[in-house]
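Residue numbers (my numbering): 3 to 189.
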């Protein structure tokens, strides 16, 4: 299983992302934008986490598109700065099939209370990736995967396999993903 040495590969990944910013993006406008699917502007740790990430990208001159839950409290400053759009209801399956993603990178901030990682989402991601889009996901918890009924866990695993990268917070999270068969795209 993973150990503290896994931190080195995570840090290397962050350095590569930072180096990516040095590219000349003027000919590829979709490379200097990012779409984030997240809770937003509500009392929620993940919403706050997402705002910090969004601000970092804005500081790097990225266009940030926030596709947020219907629970989001409207803020006119946010609309101007982040291009916010309410697109999902917490506790219901996520439907991204009708979203017009203009950025190459789509980053999902996930908690199992937000929406399931199911076959429908997996199929939608597979379809959108055909348009040369990259999907990243941050799993803010992984333990529920260990206790799911086998067929639901398999749907989640297949959905997570669609991701170009899975970000987690702890070594325990890395090990939990390894237990359910996810290794190749996890940092």
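All residues carry an ideal CB built from backbone N, CA and C; glycine is no exception.
- The region 54-126 contains, as complete beta strand (DSSP E) runs of 3+ residues, the segments 65-71, 86-90 and 107-112 (chain order).
- In the DSSP assignment, residue 141 falls outside any alpha helix (DSSP H) and within the unbroken beta strand (DSSP E) covering 136-141.
- Residue burial is scored here from C-beta neighbours: residue 56 has at least 16 other C-beta atoms within 10 angstroms and is therefore classed as buried.
- Between residue 95 and residue 122 a beta carbon distance of about 6 Å is seen, short of the 8 Å cut, so the two are scored as contacting.
- Here residue 120 has 95, 157 and 161 as same chain residues with Cβ atoms under 7 Å from its own Cβ, once five neighbours each way along the sequence are excluded.
- Taking a cut-off of 8 Å on C-beta distances, the region 43-61 does not touch the region 101-108, as fewer than three cross pairs fall below it.
- Apart from the 5 residues on each side of it in sequence, residue 99 sits with its Cβ closer than 6 Å to the Cβ of 126 in its chain, given in chain order.
- Within the same chain, 48, 49, 52, 68, 70 and 111 come within 7 Å of residue 40 by CB-CB distance, once the 5 residues on both sides are set aside.
- One thing to note: residue 34 has its Cβ within 8 Å of the Cβ of residue 64.
- Annotation for residue 185: no beta strand (DSSP E) segment contains it, and DSSP assigns it neither H nor E.
- It is roughly 16 Å from the alpha-carbon of residue 140 to the alpha-carbon of residue 124.
- The alpha-carbon of residue 113 is positioned some 6 Å away from that of residue 142.
- The residue among 137, 97 and 149 with its C-alpha nearest the C-alpha of residue 169 is 137.
- With respect to residue 159, residue 182 sits close: the two C-beta atoms are nearer than 8 Å.
- Under DSSP, the beta-bridge partners assigned to residue 168 are 139 and 188.
- Between residue 85 and residue 117, the alpha-carbon positions lie close to 22 Å from each other.
- When DSSP states are grouped into helix, strand and coil, residue 44 belongs to the coil group.
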